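Enquirer: Pasting a structure here, questions to come.
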Amino acid sequence: LCAKMPEPSEAGHWYLEAGAGTGIVSDQIIPKLAKNDHLVLAEFVPRLAEILRQKYAKEIAAGRVIVVEGDVCAYVSPQKFDYIFTTIPFNAFDLGMTQAIWNYFLKNLKPNGGISYVNYRFFPEMRLKVQSRKKVKNLKEVMTFLDALHAEHGNGFANVNRNVPPIRVRYFKVAHPDAVKLAESVA
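All residue numbers for the sequence shown refer to our numbering, where the first residue is 396 and numbers rise by one.
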């Protein structure tokens, strides 16, 4: 997920990790932060947010890490983000929620900002074969939405086959300010 982080700058960067969980990805991001960088860890599950606060107490005290508990879309950042990381399982959400989260990402991303997100390989295809028609319809809509976003803003991908289960990391670079309109029009 961290492969396309921006180069360090004197002014510093603002990063968001949405769906930080217990900090597995955060553990990879934090050592790469430059002196003036800030990382916002957003986690919906209160128990996991507490784990993050304990785990990164030193970084929080230094003002480099902020833990946000609750809906990432409700967070008002003091700065737009240079880069967003997420492991949110969009294929498990309905289309409306997926669109709302992505619209939040795009509205809160600086021009030429980047996004990295993970999706499990093979699971969506397996789910298409075993779920109800309604869930299959939703999953296809979400997959179409995400594929269209990647077609518009994609900046490559990487397969991580040693992960269990295997994942695909998709990279985005969002160059223009009308990205939110594009995200809404994809739906």
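In this text, a Cβ means the ideal position worked out from N, Cα and C, and glycines have one as well.
For clarity, every value in this text was computed on a predicted model and none was experimentally measured.
1. Buried or exposed: threonine 493, going by 16 or more other Cβ atoms within 10 Å of its Cβ?
2. Within 10 angstroms of the Cβ of valine 471, are there 16 or more other Cβ atoms? Answer buried if so, exposed if not.
3. What residue ranges within the segment 469–548 form continuous beta strand (DSSP E) runs of no fewer than 3 residues, ordered along the chain?
4. Skipping 5 residues on each side, what residues in its chain have a beta carbon closer than 8 angstroms to that of proline 401?
5. Which residues in the same chain have their Cβ closer than 6 angstroms to the Cβ of leucine 512, if we skip the five residues on either side of it in sequence?
6. Would isoleucine 419 be called buried (16 or more neighbouring beta carbons within 10 Å of its own) or exposed?
7. Tell me, please, whether the segment 453–472 touches the segment 495–503 by the rule of three or more beta-carbon pairs shorter than 8 angstroms.
8. Measuring only the C-alpha atoms, how far is tyrosine 410 from lysine 568?
9. Using the three-state DSSP reduction, which class does arginine 597 fall into: helix, strand or coil?
10. Determine the closest residue to proline 441 out of Ala429, Glu454, Ala415, His548, with distance taken between C-alpha atoms.
11. Could you spell out where the alpha helix (DSSP H) holding glutamate 454 opens and where it closes?
12. Could you please give the first and the last residue of the uninterrupted alpha helix (DSSP H) stretch that includes isoleucine 424?
13. Do isoleucine 424 and cysteine 397 count as a contact pair if the criterion is CB distance below 8 angstroms?
14. So for arginine 459, helix, strand or coil by DSSP?
15. Where does the unbroken beta strand (DSSP E) through leucine 428 begin, and where does it stop?
16. With 16 other CB atoms within 10 Å as the buried threshold, where does glutamate 438 fall?
17. Near histidine 433, which residues of its chain fall below 8 angstroms by C-beta distance, leaving aside the five closest residues on each side in sequence?
18. Taking the alpha carbon of valine 463 as the point to measure from, which residue in Asp422, Lys453, Ala413 has its own alpha carbon closest?
19. Would you decide whether alanine 444 is buried or exposed? Buried here means 16 or more other CB atoms lie within 10 Å of its CB.
Expert: Let me spell this out:
1. Taking the sequence shown and counting its residues from 1, the one referred to as residue 493 is at position 98. By the 10 Å Cβ count, threonine 493 comes out buried.
2. Within the sequence shown, residue 471 is the residue found at index 76, counting from 1. By the neighbour-count rule (16 or more Cβ atoms within 10 Å), valine 471 is not buried but exposed.
3. 476–481, 504–515
4. Reading the sequence shown from its first residue, position 6 is the one you call residue 401. Same-chain partners within the cutoff: His408, Asp477, Tyr478, Gly509.
5. The residue labelled residue 512 in the question sits at position 117 within the sequence shown. In the sequence as displayed, the identity of residue 512 is tyrosine instead of leucine. Thr481, Arg565, listed in sequence order.
6. Position 24 of the sequence shown, counting from 1, holds the residue named residue 419. So isoleucine 419 counts as exposed.
7. yes
8. The count along the sequence shown starts at 1 and reaches residue 410 at position 15. The count along the sequence shown starts at 1 and reaches residue 568 at position 173. Approximately 14 angstroms between the Cα atoms of the pair.
9. Residue 597 is absent from the model: the chain starts at 396 and stops at 582.
10. If you number the sequence shown from 1, residue 441 lands on position 46. Minimum Cα distance to proline 441 is reached at Ala415.
11. The sequence position of residue 454 within the sequence shown is 59, counting from 1. Here the alpha helix (DSSP H) through glutamate 454 covers 452–456.
12. Position 29 of the sequence shown, counted from the start, is the residue given in the question as residue 424. Element bounds for isoleucine 424: 421–424.
13. Residue numbering aside, residue 397 sits at position 2 when the sequence shown is read from its first letter. Residue numbering aside, residue 424 sits at position 29 when the sequence shown is read from its first letter. Yes, they are a contact pair.
14. On the sequence shown, position 64 is the one that residue 459 refers to. Residue state, collapsed to three classes: coil.
15. By 1-based counting over the sequence shown, the position of residue 428 is 33. From DSSP, leucine 428 is part of no beta strand (DSSP E); its letter is neither H nor E.
16. In the sequence shown, residue 438 corresponds to position 43, counting from 1. By the neighbour-count rule (16 or more Cβ atoms within 10 Å), glutamate 438 is buried.
17. Within the sequence shown, the letter at position 38 stands for residue 433. Excluding sequence neighbours, histidine 433 sits near Gly407, His408, Trp409, Tyr410, Gly458, Arg459, Val460, Ile461, Gln474.
18. As a working note, residue 463 is residue 68 in the sequence shown. Considering only alpha carbons, the answer is Ala413.
19. Position 49 of the sequence shown, counted from the start, is the residue given in the question as residue 444. When all chains shown are included, alanine 444 counts as buried.
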